[in-house]
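So for the sequence shown, this note's numbering puts the first residue at 34; every next one is plus one.
What follows is a single structure, written as structure tokens, with notes after it.
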Amino acid sequence: MAILVVANVISNRVLPAALYVPWNVAIAAGLVVLGRRIVPASQMGFCRYRRGLTWGMVIIAATTLVLLAAQAVAPLHDLFHDK
Numbered sequence: 034m035a036i037l038v039v040a041n042v043i044s045n046r047v048l049p050a051a052l053y054v055p056w057n058v059a060i061a062a063g064l065v066v067l068g069r070r071i072v073p074a075s076q077m078g079f080c081r082y083r084r085g086l087t088w089g090m091v092i093i094a095a096t097t098l099v100l101l102a103a104q105a106v107a108p109l110h111d112l113f114h115d116k
């Protein structure tokens, strides 16, 4: 728990905004590696990944198609502007 608190403070108060995502990905990967030393991969759910991987790819493809369709339709261009 303390690792997450420290990582959160560092990502929000110390690091520049450009490093927010890489920092959090590194922390998540580090916690998975640390966790695998304590808990076997089978108990963490890493042995049965095909169903989740399939659904993840379907969701990524659907999201990409919706965003490309919205980009192609001129009246929807305002959705891509931050206000």
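Glycine is no exception: its CB is placed at the ideal position from the N, C-alpha and C atoms.
DSSP three-state call for residue i: helix, strand or coil?
{"i": "residue 46", "result": "helix"}
What residue from the options has the CA that sits closest to residue i's CA?
{"i": "residue 60", "options": "72, 42, 79", "result": "42"}
{"i": "residue 100", "options": "88, 89, 113", "result": "113"}
Inset, instruction - Could you tell me which uninterrupted alpha helix (DSSP H) segments, each at least 4 residues in length, are contained entirely in the region 69–111, listed from first to last along the chain? - result: 74–77, 83–105
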